[in-house]
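Novice:
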Amino acid sequence: AVLTFLLWFFLGGENSVVQGLLAAVTVLVIACPCALGLATPTAIMVGVGKGAENGILIKDAESLELAKKVNAIVLDKTGTITEGRPQVTGAKWLNDDDATKNILVSIEMQSEHPLADAVVNNFSKISNLKKVELTNFESITGKGAKADYHAETYYVGNKKLLAENNIAISEQLQAQADEWGKQSKTVIWFSNSTQVLSVLAISDKIKETSVEAIQKLQNMGIALYMLTGDNEATAKAIAQQTGIKNYKAEVMPQHKADFVKELQAQGKLVAMVGDGINDSTALATADVSIAMGKGSDIAMDVAKMTIISSDLNKIPQAIKLSKQTVATIKQNLFWAFIYNLIGIPIAAGILYPINGFLLNPMIAGAAMALSSVSVVSNSLRLKWKK
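Here this note's numbering = 1-based position in the sequence shown + 1.
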């Protein structure tokens, strides 16, 4: 504006001061950065609102912008790919007596794991079990739990827990566990300090929409990885049923975050999808974190996005929303820049030597307001997109 005034003052001739002032004011008005300032936040606000309408809660605008760049997604199994409502579908005992079952249920009553709830619910329905007084109860992260009863230590958990404590497994119980593993069932072992007393099969149904969502994500060129604490046979069966090519079994909670870091070190932009407390570290580590709405509070607190319905189909929708939002931001910025690029020279009087046209400051004010309206209107178009 100062430069415009000086040019008019020295080169404008008879009415140089008046025309210089008018041109300087017009340049100031036309260069007002309202449209530029509105370009990004209006698109983000509409995008976040659009996500909420479709059951996708977005807490961080950055995650909405990053989602379009995601090329690797890490999926937890239980509660994410599966329904997260495990049920006991089979049990085989070395010695089928109520006293042993009482100890098993008493240990599981003190555990907070979803699989423990499945065991308690199952046995409370089929028999009149009594809770016994345990001592030295300990929850072992990623492996199970243990407790003492009448000077004997009892363990409930996965095979790693047995191996660490040198607990023997009978051939018949091992054969039954192998058979259940092939059927994509989670196997839980119950033992004393020397031998396995029982093996339980727990089944968690795959969500109806999981296979469809996984196919959509793979069609978008995104690499999918499933992580689970289950054994190899169960993980392989779930991966085959859902079409996931990359999976890791017997993964400890703390190793999920390490796996996310490995992918990031390979140059991938990683999204982590989970629902449990054991997923929270991996969610915090990922570039884009997505929690299932039916999962734990800590997972939803850490994650930047929450899928209210826990439907995996919402993830492709979130990525598509991200692409639409970023495209709208770019359109807004283009129009804001091109408006100034064209408008400022005309406001300065570049056409005056050619045809005597000098832009009126009032018209410039209207044009400036109209540019802001156009940016907001373009952002609102997001609301009508699918």
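Where is the CB? At the ideal position from N, CA and C, for every residue including glycine.
Here the structure is a predicted model, which means the values were calculated and not measured.
(1) Under 8 Å from any heavy atom of the ligand ZN, does the C-beta of N314 make it?
(2) Pull up the DSSP beta-bridge partners for E139, would you.
(3) Run through the DSSP bridge pairs and tell me what N153 is partnered with.
(4) The beta strand (DSSP E) with L95 in it runs from where to where?
(5) Determine the closest residue to N246 out of A234, A266, L225, with distance taken between C-alpha atoms.
(6) Using 8 Å for Cβ pairs, my map puts D259 next to L270. What's the rounded Cβ distance?
(7) Starting from G344, follow the alpha helix (DSSP H) in both directions and report where the run begins and ends.
(8) From N129 to V121, what distance separates their C-alpha atoms?
(9) Taking M306 as part of the beta strand (DSSP E), name the residues at either end of that continuous run.
(10) Just checking, does the stretch 227-235 make contact with the stretch 106-125 on the three C-beta pairs under 8 Å criterion?
(11) Please list the terminal residues of the continuous alpha helix (DSSP H) segment that includes T27.
(12) Can you tell which of M301, V106, D312 has the C-alpha that lies nearest to the C-alpha of E213?
(13) Closest by CA to F391, which one among K131, A152, Q265?
(14) Would you check if the distance between the CB atom of S185 and the CB atom of S204 is smaller than 9 Å?
(15) Between which two residues does the beta strand (DSSP E) holding N356 run?
(16) Classify N167 as buried or exposed, calling it buried when 16 or more other Cβ atoms lie within 10 Å of its own Cβ.
Specialist: A quick look at the data gives this:
(1) Questions concerning the ligand ZN fall outside what the structure shown contains, since it holds no ligand whatsoever.
(2) K147
(3) The question names Asn, but residue 153 is Glu in the sequence shown. Paired residues: Y150.
(4) Premise fails: L95 is in no beta strand (DSSP E) and is neither H nor E.
(5) Residue identity check: residue 246 is Lys in the sequence provided, not Asn. The residue with the shortest Cα to Cα distance from K246 is L225.
(6) At roughly 18 Å, the Cβ-Cβ gap does not stay under 8 Å, so D259 and L270 are not in contact.
(7) From DSSP, the alpha helix (DSSP H) with G344 extends over 315-349.
(8) 12 Å
(9) For M306, the uninterrupted beta strand (DSSP E) segment begins and ends at 306-308.
(10) No: fewer than three Cβ pairs fall under 8 Å.
(11) 17-31
(12) D312
(13) Since the first residue of the chain shown is 2 and the last is 387, residue 391 is not available in this structure.
(14) yes
(15) Here N356 belongs to no beta strand (DSSP E); instead the alpha helix (DSSP H) covers 353-356.
(16) exposed
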